[in-house]
Structure formats: C-alpha cells, structure tokens
Amino acid sequence: KCVRLEQGLMNKETIFSDNPEEMALQWKRKGARRLHIVDLDGAVYGKPVNKKAIKKILDTVSIPVGLGGGIRDLDTIQEYINLGIDQIIIGTIAYKNPQLVEMACKRYPDKIIVSIDSKDNYVSVEGWTEPTSITAIDLAKKFEDMGIAAFIYTDIKRDGMRSGPNIDGIREFAKGINIGVIAAGGISSMKDIEDLLSLENDGVSGIITGRALYDG
C-alpha cells in the first residue's frame, strides 16, 4: 500500500492507494523527475519487507528512485542497487554502525544518503521509535568525510502533519555541515517549498514532499 504516517506513528496512517506502482506512474506522468520511497514496514522491523512492491515500482517507472527503510547491511544495499535503485538511504544503521556507511560509500560512490531524523534536535532511530542522546549535527559530523551523496534531515514532529517545515532548525543543521542537505517534514504549500529553496546558499540542496502532494 501507499501510505503516509503522522510523526512516524504506524497507528496514524492514511492509505492513499493500494497500488504503489500505479501511484508512482501517476507522479511520473505529472512531471516527477525523481521518487523518494520508504519501506515503512522495513524501518520498523529492521529488514526489507516490501521488496516485491519496490520491484514493481522500478519496473513501472524509468525515473531515478531513492529508497530507505530497513536497510541494515551491505548485502541489502547491493541487492537494491542491482534491482535498479539509484540511491540508498541509510538511517538507523548509520547511527549504530558508522563503519558500514564508510564501506558502503567506498563500494558505491555517490549512491549513499544518510538520513538523520530529529526530534527536539536529538536523533531517533529504528523507525523513529528509539530516541538517542546524540544531536543531529553531532551525528552528521561523523559522516562528512566519508563521501556520502547528501544528508536527509527530517523533523519528526512535523512529518506528515502539514504544519510547515522547521526553517530555523533546517538552516542551522545545513550551515553546520559541508554536505548538501535534503529537507523533509511538514511541507504543506508552495510557500513552504519557496522558503526552503531560499536556503540554498545555506546548504539545502533538495526537498522531500509527501503528504502535501497526496492531499493536494
């Protein structure tokens, strides 16, 4: 299924489609040049769960796809890249095993994105169910020299809420590191997108929009 959560909570899901590949095709037809996919079940269970659905999406659309959720080892990264995934998004394992990120970057240059999910400025992992004592920027600093393609910075409290992005938090994070930041969480309007685009000189290189596109 194609769903969106509120603040990452599995009991607060909205189902937008029972056919993810058809939804992917719809976005391509509307002009999307890239898709961001998260295996939500995989993020919770710590292993890939929706491989078949992901393969159907890749078989249906020809635009680049970035994928995260439940990716915890090099074998899974290799499998998804062989399947046709353009970039791999690593979250939990980046926190728990930074050495894996370094190995992945060496093996797959420009293919690895580190996702940093922040709640009150502290990182949460395991599908956002496990808070940590490290700040988003301190975690990001560990990966600056490893050759990752980008960071994704998500404000958990705003994700899926359409309450507007945390502009100040995103700016502070992006200015504190030397790698491009893709902003996510809370985007609800064109103005939100324009506000984030204005942070390009601060280091924001991209934006992920989810629920706002489905709600219209």
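Everything in the sequence shown is counted per our numbering, starting at 3 for the first residue and increasing by one. The beta-carbon is built from N, C-alpha and C at its ideal position, and this holds for glycine as well.
Can you name, in chain order, every residue of its own chain whose Cβ lies under 8 Å from the Cβ of residue i, other than the five neighbours on each side?
i      : result
Ile83  : Ile90, Tyr110 and Lys113
Ile158 : Gln9, Gly10, Asp119, Ser120, Lys121, Ser126, Trp130 and Gly187
Arg164 : Gly188, Ile189, Ser190, Arg213, Ala214 and Asp217
Asp75  : Ile95 and Leu102
Asp43  : Val51, Asn52, Gly71 and Gly72
Lys231 : Since the first residue of the chain shown is 3 and the last is 218, residue 231 is not available in this structure.
Can you tell me whether residue i is buried or exposed, with buried defined as 16 or more other CB within 10 angstroms of its CB?
i      : result
Gly33  : exposed
Arg31  : exposed
Asp20  : exposed
Asp140 : exposed
Pro1   : Residue 1 falls outside the range modelled here, since the chain spans only 3 to 218, and no answer is possible.
Thr16  : exposed
Arg160 : buried
Leu199 : exposed
Asn203 : exposed
Ser64  : exposed
To which residues does DSSP link residue i through a beta bridge?
i      : result
Val183 : Phe153 and Val206
Ser120 : Val125 and Asp157
Thr137 : Tyr124
Glu174 : Beta-bridge pairing links Glu174 to no other residue.
Glu1   : Examination of residue 1 is not possible in this model, given that the chain is present from 3 through 218 alone.
Excluding sequence positions up to five away, which residues of its chain have a Cβ less than 7 Å from the Cβ of residue i?
i      : result
Ile181 : Glu146, Ile150, Ala152 and Phe153
Thr134 : Tyr97, Tyr124, Val125, Ser126 and Val127
Leu201 : Ile172, Arg173 and Ala176
Thr78  : Pro50
Ile169 : Asp197
Trp29  : Leu37
Asp88  : Pro66, Val67 and Gly68
Ala26  : Leu37, Ile59, Thr62 and Val63
Val206 : Ile172, Ala176, Val183, Ala185 and Leu198
Under 6 Å Cβ to Cβ from residue i, same chain only, skipping five residues before and after it: list those, please.
i      : result
Glu23  : Lys58, Ile59 and Thr62
Gly208 : Ile184
Ala45  : Gly71, Gly72 and Gly129
Ala55  : Pro22
Val116 : Ile92, Ala96, Phe145, Ile150 and Phe153
Thr211 : Ile189
Got a sec: is the Cβ-Cβ distance from residue i to anything in chain C below 9 Å?
i     : result
Gly68 : Here there is only one protein chain, and chain C is not present.
Worksheet item: For the segment 28–114, which segments carrying the alpha helix (DSSP H) assignment without a break, of at least 4 residues, lie completely within its bounds, in sequence order?
Response: 42–47, 53–62, 76–85, 94–98 and 100–109
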